[in-house]
Structure formats: structure tokens, C-alpha cells
Amino acid sequence: MQIFCHIMGRKAGLNVAETRTISGGNFHIFLSKRFDRKGDRKRIHFASALTMLGLTDGDNASTGYGYTDIADFIIQHGSNVRHDLEELYRRVAFYIIVGNSDDHFRNHGFLLTCKGWELSPAYDINPTLSENQSLLINRSTSVADIEILLASAGEYMLPAEKAVQIISEVKTAMKSWRTEARKLGLPQRDIDMFAPRFDKWIGI
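All letters in the sequence shown, in the order written, are residues 6 to 209 by the working numbering.
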């Protein structure tokens with residue numbers, strides 16, 4: 006399911022890590038290309054959001070932390086602020102729809118470019134049936150709800166019309182999820198299990 010989420014994330018406009026699968030006997034092996042290396046193998050410094058925010062393992066919605074803390078870091082220290090705020094918001098929208106509740110601070114990161122800190126590509130995306138995110142989606146709730154996220158656009162420093170556009174683009178991309186799932190040969194039981202979750206927010 007992870008390769009499925011990466012494919013759908015890319016279709017939804019997310020900057021995701023480059024991935025592919027290879028067959029190994031009766032297994033499919035999921036590969037993710039390192040984004041902290043250049044073509045000449047020189048390292049690009051990476052740091053998790055956990056590190057950059059000075060938090061500790063276990064800090065999440067239950068301790069009052071969330072996506073707006075990442076947004077605050079981008080505003081204060083990012084080198085591509087507008088782009089990264091929109092990217093972050095797009096990720097939250099996508100994670101809500103697919104139920105990626107393993108979205109703790111270690112699963113968000115930054116790369117140190119020649120211009121400064123930028124959001125790294127998204128990685129480690131997996132669907133669940135959880136009704137809550139690991140992180141608060143605004144200052145007060147972790148409930149996985151697109152309408153709440155839309156109403157919270159200002160907390161990501163986004164105008165309402167931009168938030169509507171981003172969410173609409175994510176929803177539109179997700180409308181093809183069944184086609185992509187079948188292309189990948191996902192079991193019908195998995196398709197049936199996640200259908201109510203995915204369809205809930207995309208109007209199918």
C-alpha cells in the first residue's frame with residue numbers, strides 16, 4: 006500500500022520521494038531513492054522536523070504539537086516559504102483523505118540547500134482507517150477532517166481561495182484511486198476496506 010500512496014500523492018501534486026517496486030520471488034520489494042544525496046553522491050544535510058523543532062519522541066497531538074508548528078518553522082527559517090507552506094497544506098489534505106496517521110514529526114523533514122532549509126520530499130506514507138492524525142491539523146484538533154483543515158487555512162498563512170484550490174486538486178487526483186489500485190494489483194479486500202475512507206472526502 007505504500008507504493009500506492011506514493012503514486013497517488015504524486016498525482017495529487019505532492020513532492021514525494023522517488024520510489025519503485027521490484028519483484029523478488031513471491032514478494033514485491035518497495036524501493037525509495039535517497040533524496041539526501043546528489044548525483045555525485047555528495048550529502049545534502051537532512052534533519053527531521055522533530056530535530057528542527059527541538060522536540061522529543063512522543064511529542065504529537067497528545068502533547069499539543071502539530072502541523073502549525075512545522076508551518077511556524079517554515080515561516081521563521083524556511084528559504085522557500087510560500088511554496089513550502091502550500092506543500093505542507095497539500096500533504097495534510099492528502100494524509101487526511103488516505104488516513105496516513107503515521108505522520109509524526111520524524112516523518113517530516115527538511116533539507117539544507119544552498120538557499121537554506123526547505124521541506125524534504127514526503128516519505129513513509131501509509132493508509133489507515135484512523136479518524137485522527139498523529140499531529141494537530143490546527144491549533145486545537147487532530148481529527149482527520151477536510152472541512153476543519155479548510156477552515157484552518159489561515160493558520161498555514163494561506164488565503165481561503167488557495168486552500169480551496171489545493172484541496173480540490175487533491176480530491177480530483179484521488180478520484181482515480183481505484184484505477185491505480187487495480188493497476189498495482191492490490192487485493193480486492195484492501196480496496197474494499199479502504200473504499201469508505203477514501204470516498205468519504207472525495208465525493209464518490
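C-beta atoms are modelled at their ideal positions from N, C-alpha and C, and glycine is treated no differently.
On a predicted model such as this, the values are computed, not experimentally measured, just so you know.
- Throw me the rounded Cβ distance for the Ala178 and Ala66 pair, which I believe falls under 8 Å. About 26 Å separates the beta carbons of Ala178 and Ala66, which is beyond the 8 Å limit, so they are not a contact pair.
- Task: Spell out a yes or no on whether the stretch 106-115 and the stretch 49-69 are touching, meaning 3 or more CB-CB pairs, one atom from each, closer than 8 Å.
- Result: Touching, yes.
- Report yes if the CB atom of Ala5 is closer than 8 Å to the CB atom of Asn137, and no otherwise. The chain is shown only over 6 to 209; residue 5 falls outside these bounds and no answer can be derived.
- Have a look at Ile80, Phe99 and Ala98 and flag the residue whose alpha-carbon is nearest the alpha-carbon of Leu90. Taking Leu90 as reference, the option from Ile80, Phe99 and Ala98 with the minimal CA-CA separation is Ile80.
- Task: Would you tell me roughly how many angstroms separate the C-alpha atoms of Ala158 and Ile207, rounded to the nearest one?
- Result: Answer to the nearest angstrom: the Cα atoms are 19 Å apart.
- Message: Just to confirm my understanding: we take Thr61, look at its own chain, exclude 5 residues before and 5 after, and list those with CB closer than 8 Å. What are they?
- Response: Counting only Cβ-Cβ distances below 8 Å, and skipping sequence neighbours, we find Leu55.
- Query: Taking the continuous alpha helix (DSSP H) assigned at Phe99, which residues delimit it?
  - Reply: Here the alpha helix (DSSP H) through Phe99 covers Val86 to Val103.
- Query: If you count every other CB in all the chains shown that lies within 10 Å of the CB of Cys10, and 16 or more means buried, which is it?
  - Reply: Classification of Cys10: buried, given that the 10 Å Cβ count is 16 or more.
- Same chain, Cβ closer than 7 Å to Pro126, five either side skipped, listed in chain order: Cβ within range, chain order: Asn20, Val21, Ala22 and Phe40.
- Task: Report the option in Lys167, Ile102, Ser147 and Glu166 whose CA atom is closest to the CA atom of Thr133.
- Result: Checked all of Lys167, Ile102, Ser147 and Glu166; the closest Cα to Thr133 is Ile102.
- What number of angstroms, rounded off, separates the C-alpha of Lys176 from the C-alpha of Leu189? Rounded to the nearest angstrom, the two C-alpha atoms are 20 Å apart.
- With distances taken Cα to Cα, identify the nearest neighbour of Glu123 among Phe199, Asn85, Glu166 and Glu174. That would be Asn85, whose Cα lies nearest to the Cα of Glu123.
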